[in-house]
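Participant: Quick one: the structure is below, questions incoming.
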Amino acid sequence: MRSLFTCCVLLTSFFLASCVVLSAQSGSTKFEKSGGTQTPAYPEIISWWQQLDQQSGKVRMLSMGMTDAGFPLHLVIISENGDSDFEAVRKRNKRIILINNGIHPGEPDGIDASMLLARDIVAKKYTLPANIVLAIIPVYNIGGCLNRSADYRVDQNGPEEFGFRGNSQNLDLNRDFIKADSRDARAFTEIFQLLNPDVFVDNHVSNGADYQHVMTLITSQHNKLGEVMGEFMHNQFEPALFTIMKDKGYDLAPYVNFWGGSKVEDGWQEFWDSPRYGSGYAALWNCFSFIPETHMLKPYLQRVQSTYALMQSFIEFTSANSEKIRDTRERARQATMAASSFPVKWMADKEKFRKITFRGYESGSRISNVSGLPRLYYDRTKPFVMDIPFYDGYKSTGSVTAPKAYIIPQGWWKVIELLRLNKVSMRSFRADTTIEVEVYHIDEYKSAPRPYEGHHPNTDVKLHTTVEKVTYRKGDYYIPMNQPANRFLVETLEPQAEDSYFSWNFFDGILGQKEGYSAYAFEDIAADYLKSQPAIREGLEKRRAADSSFAKSASAQLNYVYQQSKWFEPSYLRYPVTRVVK
Ligand SMILES: [Zn+2]
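For the sequence shown, numbering that gives the first Met the number 0 assigns the number 0 to the initial residue and increments by one for each residue that follows.
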């Protein structure tokens with residue numbers, strides 16, 4: 000009943016919104032009409048974009064995949080001639096910039112800034128360069144956007160009301176890009192794979208320390224982008240954004256990844272965007288990806304204006320460097336397809352830093368009126384400008400040799416479905432086939448004791464490898480490692496990788512033993528068996544001699560014999576995705 004009621008209310012408000020919000024000709028937005036203090040509700044946002052689509056041949060709004068909220072994800076394409084055929088767009092040598100908004104709808108800056116940007120393009124107040132196609136997701140987290148309140152985000156300076164971080168399943172979509180538990184993430188993946196964007200921008204609002212900067216920026220960590228793209232990102236793209244923004248009147252700072260501890264003036268380590276995050280996911284596909292983070296204590300008007308300016312900066316740099324971006328991406332794509340090994344583990348490089356100009360506020364400690372204990376405060380009457388170290392290097396601490404192919408049995412269809420969604424090229428065996436493969440066996444792992452985003456992630460994975468001849472069934476999948484998805488495949492299919500499907504519990508079935516025995520019945524069978532198995536018998540005696548508690552435990556000894564025997568199930572802790580290396 001409740002959902003039906005909500006639905007009726009929504010529909011009614013949707014049509015009301017269409018009439019009230021927009022005098023279509025002016026194209027002014029709720030944000031503007033409110034003097035920069037309000038952001039529109041979901042139905043208002045979509046009806047506004049629908050009207051812009053109707054008004055202008057440059058704008059097309061497409062309905063894409065379904066989301067958990069029961070509404071399709073919308074995608075707005077803005078280009079010179081309104082072309083939304085992406086194959087044709089690429090053939091015409093245009094660069095595609097994908098802008099994602101409202102992944103955290105309590106941070107709606109991008110929602111409003113994108114509306115202003117599109118409106119200004121249509122009104123010819125801002126010229127979209129002919130070599131750029133803008134693809135805008137007006138609101139990604141629709142469920143969160145519908146869940147609106149004035150009270151979420153207690154320490155954010157506006158707008159008056161906004162949405163909630165969790166989606167319709169209360170998931171944080173900015174952790175869902177690999178595991179894709181939400182329909183939202185699946186719809187996004189389809190969009191991303193369809194577009195293959197050159198640049199990806201995911202608009203956010205930050206919390207954390209106080210400082211003068213209105214806009215901060217997470218640039219996808221450059222070391223993990225590989226030599227070709229990483230160098231261009233680090234030495235050209237990112238510095239140019241700082242310069243362009245400066246010209247527009249904004250002192251951009253790298254995202255202030257500082258959470259207490261020592262003083263912010265001592266610098267901080269660059270944010271690590273692993274593939275679970277939007278920028279980390281995009282980076283797997285050789286896409287230049289960024290997460291703008293406006294500062295939560297700045298007035299909403301300023302935050303939206305700076306988001307607008309930063310989106311212009313992306314457009315201007317991408318347009319001016321169109322050929323370089325295309326070539327760099329293509330070289331990176333070729334390198335990915337040909338690479339013989341891939342890094343899967345990283346750590347912060349404490350030696351590598353560069354100096355940045357940071358505009359902060361002096362901080363100190365005083366007595367809290369809540370607890371009577373010392374508390375941190377920032378003194379806005381004492382601004383400072385200081386060159387501080389920004390630790391922006393990461394180094395690889397472990398890599399894997401790329402196999403010739405992976406094989407995944409068809410039973411693991413949830414993973415296969417995600418691979419397919421990511422346009423991974425694979426073929427199924429036409430007949431039962433025996434192949435020599437490398438098999439991983441999980442020796443150790445830790446599972447998070449409490450759930451994180453609907454999972455108990457497995458970490459600290461240690462494994463050993465055996466080489467075996469395995470017979471695969473007709474319909475099992477062979478995934479050649481000669482494709483643009485190579486990096487994605489390694490990051491998702493190698494169990495030690497931070498955001499692998501093993502880590503996200505897709506293979507937890509192998510972590511539990513399925514068969515066992517009744518001790519009284521197995522006792523006699525085991526005793527007989529040991530007579531014909533001197534090696535196992537010797538192992539048992541050695542273990543008894545070395546371990547007194549083992550020597551005192553009948554059940555531990557019986558279980559030892561079982562685990563060494565032919566009756567023990569081979570699938571236990573045996574990772575089902577195997578590696579073809581010959
Ligand atoms: Zn956010």
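Backbone N, C-alpha and C fix where the C-beta goes; we use that ideal spot for every residue, glycine too.
Note that the structure is predicted; figures quoted are calculated from it, not measured.
So the alpha helix (DSSP H) N485 belongs to, where does it begin and stop?
Facilitator: First-last of the alpha helix (DSSP H) with N485: 485-492.
Participant: Verify the contact flag: V200, CB atom, against every heavy atom of ligand 2, threshold strictly below 7 Å.
Facilitator: Ligands present in the displayed structure are limited to ligand 1, and ligand 2 is not among them.
Participant: Alpha carbon to alpha carbon, what distance is there between E493 and W267?
Facilitator: Cα to Cα, the separation comes out at about 30 Å.
Participant: Tell me the rounded alpha-carbon separation between Q24 and E43.
Facilitator: Note that Q24 scores 47 on pLDDT, short of 50, meaning its location in the model is unreliable; the coordinates nonetheless yield the value given after this. Distance between the alpha carbons of Q24 and E43 is about 16 Å.
Participant: Name the residue from D265, P342, V423 whose alpha carbon lies nearest to the alpha carbon of F357.
Facilitator: Out of D265, P342, V423, D265 has the C-alpha closest to the C-alpha of F357.
Participant: So does N100 have its beta carbon nearer than 7 Å to some heavy atom of ligand 1?
Facilitator: N100 Cβ: outside cutoff for every heavy atom of ligand 1.
Participant: Give the DSSP-derived three-state secondary structure of M295 in the structure shown.
Facilitator: Coil, per DSSP.
Participant: Does the stretch 387-403 come into contact with the stretch 153-161, if we say contact requires no fewer than three beta-carbon pairs (one atom in each stretch) closer than 8 Å?
Facilitator: Not touching, per the Cβ criterion.
Participant: With distances taken Cα to Cα, identify the nearest neighbour of L240 among E269, V200, G26, R536.
Facilitator: Closest by alpha carbon: V200.
Participant: Could you spell out where the beta strand (DSSP E) holding S321 opens and where it closes?
Facilitator: Careful: S321 lies outside any beta strand (DSSP E), inside the alpha helix (DSSP H) at 321-337.
Participant: Cβ atoms of A208 and V132: under 8 Å apart, would you say?
Facilitator: For V132 and A208, no; Cβs fall outside 8 Å.
Participant: Assuming N256 is part of the alpha helix (DSSP H), what are its boundary residues?
Facilitator: Neither: N256 is in no alpha helix (DSSP H) and is coded neither H nor E.
Participant: Which term fits A534, buried or exposed, when burial requires 16 or more other beta carbons within 10 angstroms of its beta carbon?
Facilitator: Its Cβ having fewer than 16 others within 10 Å, A534 is exposed.
Participant: Pairs of beta-carbons, one from the stretch 214-228 and one from the stretch 388-396, closer than 8 Å: are there three or more?
Facilitator: Counting Cβ pairs under 8 Å, three or more are found: they touch.
Participant: Would you check if the distance between the CB atom of Y574 and the CB atom of Y439 is smaller than 8 Å?
Facilitator: Going by C-beta atoms, Y574 is nearer than 8 Å to Y439.
Participant: Could you check how far apart the C-beta atoms of G277 and F176 are, in whole angstroms? I think they sit under 8 Å.
Facilitator: At roughly 6 Å, the Cβ-Cβ gap stays under 8 Å, so G277 and F176 are in contact.
Participant: Please write down, chain order preserved, every residue whose beta carbon lies under 5 Å from a heavy atom of ligand 1.
Facilitator: For ligand 1, the selected residues are H103, E106, H203.
Participant: Helix or strand or just coil, what does DSSP make of P42?
Facilitator: In the structure shown, P42 sits in a helix (DSSP, three-state: H, G or I).
Participant: For the alpha helix (DSSP H) that D82 lies in, which residues bound it at each end?
Facilitator: Counting along the chain, D82 falls outside any alpha helix (DSSP H), and DSSP gives it neither H nor E.
Participant: I366: buried (16+ other C-beta within 10 angstroms of its C-beta) or exposed?
Facilitator: Counting Cβ neighbours within 10 Å, I366 comes out exposed, since fewer than 16 surround it.
Participant: Report the three-state DSSP secondary structure of Y516 (helix, strand or coil).
Facilitator: Coil, per DSSP.
Participant: Starting from the Cα of D52, find the closest Cα among I102, G26, A331 and give me that residue.
Facilitator: Comparing Cα positions, the closest option is G26.
Participant: Straight-line CA distance for F567 to Y516?
Facilitator: Rounded to the nearest angstrom, the two C-alpha atoms are 10 Å apart.
Participant: For D171, collect the residues of the same chain with a Cβ closer than 7 Å to its Cβ; drop the 5 residues on either side in sequence, then sort them by chain order.
Facilitator: Result list for D171: R164, G165, E452, in chain order.
Participant: Please name the residue in L510, N206, E497, L127 whose C-alpha comes closest to that of H294.
Facilitator: The option with the nearest alpha carbon to H294 is N206.
Participant: Are the Cβ atoms of F316 and F236 separated by less than 8 Å?
Facilitator: Contact flag set, yes.
Participant: Between L309 and the rest of its own chain, which residues show a CB-CB distance below 7 Å, the 5 nearest in sequence each way excluded?
Facilitator: Here the set comprises M214, M244, P291.
Participant: Is it the case that the stretch 369-383 contacts the stretch 524-539, given that we only count it when at least three CB pairs across the two stretches are under 8 Å?
Facilitator: Short answer: they don't touch.
Participant: On a Cα-Cα basis, can you pick out the residue from L127, Q168, K262, R91 that is closest to Y210?
Facilitator: It is K262.
Participant: Would S424 and Q482 qualify as a contact pair, given that the criterion is a beta-carbon distance under 8 Å?
Facilitator: Contact flag set, yes.
Participant: Could you spell out where the alpha helix (DSSP H) holding A122 opens and where it closes?
Facilitator: A122 -> no alpha helix (DSSP H), and no H or E assigned at all.
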